[in-house]
Amino acid sequence: MTAPARSGPSRGRRRGIAALVAASFFIMLFPPLQWWVGDGGVWYFIVTGLLVLAAIWTMYALDARAERAESAAARPSSAGEARP
0 MTAPARSGPS RGRRRGIAAL VAASFFIMLF PPLQWWVGDG GVWYFIVTGL LVLAAIWTMY
60 ALDARAERAE SAAARPSSAG EARP
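In structure tokens, the structure reads:
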């Protein structure tokens, strides 16, 4: 028996993931933020690195939650199964 095709994430999750990716790119790659920090730039890179790591972990958690929900929905109910 083949496994059912996995559907994509819901619209809300897709928007959430897109927002996390955009925020990560913004804080890591936006030069005016780096110029504004100036001499304390090392702390900027440490803090933004931790924020991006948190965003990646959040994206993983959103994906894992969606996968668990899909696998629970695909699992047949035990009430309708015949016993041997």
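Mapped onto numbering that gives the first Met the number 0, the consecutive letters of the sequence shown carry residue numbers 0 to 83. C-beta: ideal position from N, C-alpha, C; glycine also.
In terms of Cα proximity to residue 46, the closest of 31, 27 and 56 is 27. When the beta-carbon positions are compared, residue 54 and residue 9 stay at least 9 Å from each other. When only Cα atoms are considered, residue 74 and residue 44 end up about 45 Å apart. Taking 8 Å as the upper bound for CB-CB distance, residue 12 and residue 61 are in contact here, some 5 Å apart. In this model, residue 50 and residue 25 are separated by some 11 Å (Cα to Cα). When only Cα atoms are considered, residue 64 and residue 52 end up about 18 Å apart.
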